[in-house]
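Number of protein chains: 2
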Amino acid sequence: MSQAKASFAETPTLAVSTVILTLRPNDSGSLQLATPLVRRIRAPFEGQWALPGGPLNTNEDLATSASHTLRDTTGLEPRYLEQLYAFGSVDRSGGHIADRVVSIVYWALVGADEAERAIESQNVQWFWADDLPALAFDHNEIIQYALGRLRNKIEYSRIAHEFLSPTFTLAQLREVYEAVLGRELDPGNFRRMVESSGSVEETGERLAGTRHRPPKLYRATTTAGETK
Amino acid sequence: MSQAKASFAETPTLAVSTVILTLRPNDSGSLQLATPLVRRIRAPFEGQWALPGGPLNTNEDLATSASHTLRDTTGLEPRYLEQLYAFGSVDRSGGHIADRVVSIVYWALVGADEAERAIESQNVQWFWADDLPALAFDHNEIIQYALGRLRNKIEYSRIAHEFLSPTFTLAQLREVYEAVLGRELDPGNFRRMVESSGSVEETGERLAGTRHRPPKLYRATTTAGETK
DNA sequence: TAAAGAAAGAGTCTGAATGACTCTAAGTAA
DNA sequence: TTACTTAGAGTCATTCAGACTCTTTCTTTA
């Protein structure tokens, strides 16, 4: 395979893209999933919105490429970044096989604190994840896939706190679950579940400034026993 | 990105490989995971064993490429084929960046009936999955990754019967679970679990020729309610 | 022909986890 | 001081999984 370059001339090009997800309050005050997209400045799909991403450099690892492009285009440096799936249908570039790109897609979760640092411009904007325009390539499907993975993974993993600031109340954590799962959860049962899971620990402080009994603040425990 | 070919000249080449897993009885009669490997006939890693795979053709979908290469090199046509992960560290080609290959790896489960059809030759051989030689590239790690996925997925999914012939007894199905999970399961509890899951149905026949009470034969129910 | 052996298959018991729910504590706002 | 709101502790009933027992139904052997 040392002469591979020659015989692989017809191999599709390789890009790395990322679905970034965060939660922000909508008009009615409840949390909703949002994602930043970038406007394409080249054909195909010129002018349409797309996932942030770019070609894979020869000297870069996949995850490195993802976070690198992310920083350049959106200014974000997510703590949570994981490979999602490789999308490579021959027809995903709008029918032109000559344009064929195989995308290795990562997904990232961004906390409330980090999301504020995001660049927003003419060519980078946030959208509600469940109300997207028609995107370039198969990027609508990709985001749907990411949302499915998120809803699935939040049930057995400890990723929910990635959406929050480093310290948070159990009510805030519950809001994350409710927003992702799309249904309300019983506060008492939720508290019991979280406390017995060992995924959070008390900081010893309480959140002040509420108009009721001040809730305890928690932080995520250091990732021992993390489930992939 | 229509001129992409030019600017992507330095993009790594793309290959699709597959981890094929089957269960076969070992010397002591219990089932054990086995996988077929092919001997490399080119540098790098010439002469070493590797996963079956090959470069991705421009006009082929990823999964199509996987099953296509699989058929050509091993003669197998697995019913179960799913994308596993994309492996793309810069150093996985033995240190030569010029040889860099990004592999999109699929995994396949092969039933006892199908596995018999496999070609075996000087350059294609079966190995026990937990007793492999040093393989080309990072293929040892890839197989470990696939085994982890299998052990995880067998717990919440219905893939176990993919290792069996179309009809099977509950004892045979239990043996599959025991081999994959590496521990014994209580026959009674296993029966209750499987029957209440709705993943199997009786064929109405029984397996003859045993030296004890003949067990009922089951088949997998048609994939409704399949969990991804 | 009877007894022994083996696995099939049904059923019991117990403890842990979960959903629905109640009750009290501790703050703010009027 | 009273009303209001959420925090946080606790109860009850149901479901589920592991450990275990017992009976059934076949083959093998005496």
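Residue numbers (the working numbering), protein chains in the order written: chain A, 1 to 228; chain B, 1001 to 1228.
A virtual CB, placed ideally from N, CA and C, is assigned to each residue, including glycine.
Note that this is a predicted model, so its numbers are computed, not measured.
- [ ] Could you tell me which uninterrupted alpha helix (DSSP H) segments, each at least 4 residues in length, are contained entirely in the stretch 1035 to 1110 of chain B, listed from first to last along the chain?
- [x] If we require 4 residues or more, the alpha helix (DSSP H) runs fully inside the stretch 1035 to 1110 of chain B come out as 1062 to 1074.
Task: Proximity of residue 202(A) and residue 218(A) at Cβ, strictly below 8 Å - done: The answer is yes: Cβ separation under 8 Å.
Task: Distance, residue 1051(B) Cα to residue 1074(B) Cα - done: Straight-line measurement puts the Cα of residue 1051(B) at about 11 Å from the Cα of residue 1074(B).
TODO: Return helix, strand or coil for residue 7(A), following the three-state DSSP convention.
DONE: Residue placement at residue 7(A) cannot be trusted, given a pLDDT of 39 that sits under 50; the coordinates are not used to answer.
Open item on the list: Distance cutoff 8 Å, beta carbons only. Does residue 39(A) sit that close to anything in chain B?
Closed with: For residue 39(A), the answer is no, since every Cβ of chain B falls outside 8 Å of its Cβ.
Open item on the list: Any C-beta of chain A within less than 8 Å: which residues of the stretch 1099 to 1115 of chain B qualify?
Closed with: In summary, the residues of the stretch 1099 to 1115 of chain B whose CB is separated from some CB of chain A by less than 8 Å are 1099, 1100, 1101, 1102, 1104, in the order they occur in the chain.
Task: Beta-carbon proximity of residue 1113(B) to residue 1165(B), cut-off 8 Å - done: Contact flag set, yes.
TODO: Report the rounded CA-to-CA distance for residue 25(A) versus residue 183(A), giving the unit in angstroms.
DONE: Spanning the two alpha carbons is a distance of roughly 16 Å.
- [ ] Pull up the distance between the alpha-carbon of residue 1053(B) and that of residue 62(A), whole angstroms please.
- [x] In this structure, the straight-line span from the alpha carbon of residue 1053(B) to that of residue 62(A) is close to 20 Å.
- [ ] Could you tell me if residue 97(A) is buried or exposed, where buried requires 16 or more neighbouring beta carbons within 10 angstroms of its beta carbon?
- [x] Result: exposed.
Open item on the list: Against chain B, with Cβ distances strictly below 8 Å, would residue 189(A) count as a contact?
Closed with: False, the Cβ-Cβ gap to chain B never drops below 8 Å.
Open item on the list: Run through chain A and tell me which residues come within less than 8 Å of residue 1014(B), C-beta to C-beta.
Closed with: Here the neighbours are 8, 11, 12, 14, 102.
Task: Boundaries of the alpha helix (DSSP H) in which residue 1196(B) is found, first to last residue - done: Per DSSP, residue 1196(B) is one residue of the alpha helix (DSSP H) stretching across 1187 to 1197.
Task: Straight-line gap, residue 1180(B) to residue 1082(B) (C-alpha atoms, nearest Å) - done: Spanning the two alpha carbons is a distance of roughly 18 Å.
Task: residue 1027(B) classed as buried or exposed, judged by whether at least 16 other C-beta atoms fall within 10 angstroms - done: Here residue 1027(B) is exposed: its Cβ has fewer than 16 other Cβ atoms, across all protein chains shown, within 10 Å.
TODO: Could you check if residue 1020(B) is buried or exposed, using at least 16 other CB atoms within 10 Å of its CB as the buried criterion?
DONE: Buried, by the Cβ-count rule.
Task: Nearest candidate by alpha-carbon position, reference residue 30(A), set 160(A), 209(A), 172(A), 39(A) - done: For residue 30(A), the nearest C-alpha among the options comes from 172(A).
Task: Beta-carbon proximity check, residue 1039(B) vs residue 1049(B), cutoff 8 Å - done: The Cβ-Cβ distance between residue 1039(B) and residue 1049(B) falls below 8 Å.
Task: Identity of the residue in 1216(B), 1057(B), 1144(B) nearest residue 89(A) by Cα - done: Looking at 1216(B), 1057(B), 1144(B), the one whose alpha-carbon comes closest to that of residue 89(A) is 1057(B).
Open item on the list: My output table needs one value for residue 1181(B): the three-state DSSP class, helix, strand or coil.
Closed with: Residue 1181(B) falls in the helix class under three-state DSSP.
- [ ] With 8 Å as the threshold, decide whether the Cβ of residue 1089(B) is near any Cβ in chain A.
- [x] Closer than 8 Å to the CB of residue 1089(B) there is at least one CB belonging to chain A.
TODO: Would you please verify whether the beta carbon of residue 83(A) is less than 8 Å from any beta carbon of chain B?
DONE: Among the residues facing chain B, residue 83(A) is included, as its CB has a counterpart in that chain under 8 Å away.
Open item on the list: With the cut-off set at 8 Å, would you say residue 1014(B) and residue 1102(B) are in Cβ contact?
Closed with: Yes; because the gap between Cβ atoms is below 8 Å, this pair is in contact.
- [ ] Run through the stretch 123 to 179 of chain A for me and flag every whole beta strand (DSSP E) of 3 or more residues, listed as ranges in chain order.
- [x] Runs found: 124 to 128.
Task: For residue 64(A) and residue 91(A), the rounded distance between their alpha carbons - done: Taking the straight line joining both Cα atoms gives about 27 Å.
Task: Helix, strand or coil at residue 114(A) according to DSSP, with G and I counted as helix - done: In the structure shown, residue 114(A) falls within a helical segment according to DSSP collapsed to helix, strand and coil.
Open item on the list: If we define contact as Cβ-Cβ less than 8 Å, is residue 1141(B) a contact residue for chain A?
Closed with: The Cβ of residue 1141(B) sits no closer than 8 Å to any Cβ of chain A.
Open item on the list: Measuring straight from C-alpha to C-alpha, what distance separates residue 175(A) and residue 95(A)?
Closed with: Residue 175(A) and residue 95(A) have their C-alpha atoms roughly 42 Å apart.
TODO: Take residue 1008(B) and list the residues in its own chain whose beta-carbon comes closer than 8 Å to its own, dropping the five residues that flank it on each side.
DONE: Only weak support is given to the placement of residue 1008(B): the predicted model assigns it a pLDDT of 41, under 50, and the value that follows is read from those uncertain coordinates. Close CB contacts of residue 1008(B) within its chain, under the 8 Å cut and outside five residues either way in sequence, are absent.
Open item on the list: Would residue 59(A) pass as an interface residue toward chain B - the criterion being a Cβ-Cβ separation below 8 Å?
Closed with: Answer yes: the Cβ-Cβ gap between residue 59(A) and chain B drops below 8 Å somewhere.
Open item on the list: Please confirm whether residue 159(A) has its beta-carbon closer than 8 Å to some beta-carbon of chain B.
Closed with: No, residue 159(A) lies away from the interface with chain B (no Cβ there is under 8 Å from its Cβ).
Task: Beta-bridge partners of residue 18(A), as assigned by DSSP - done: Partner(s): 106(A).
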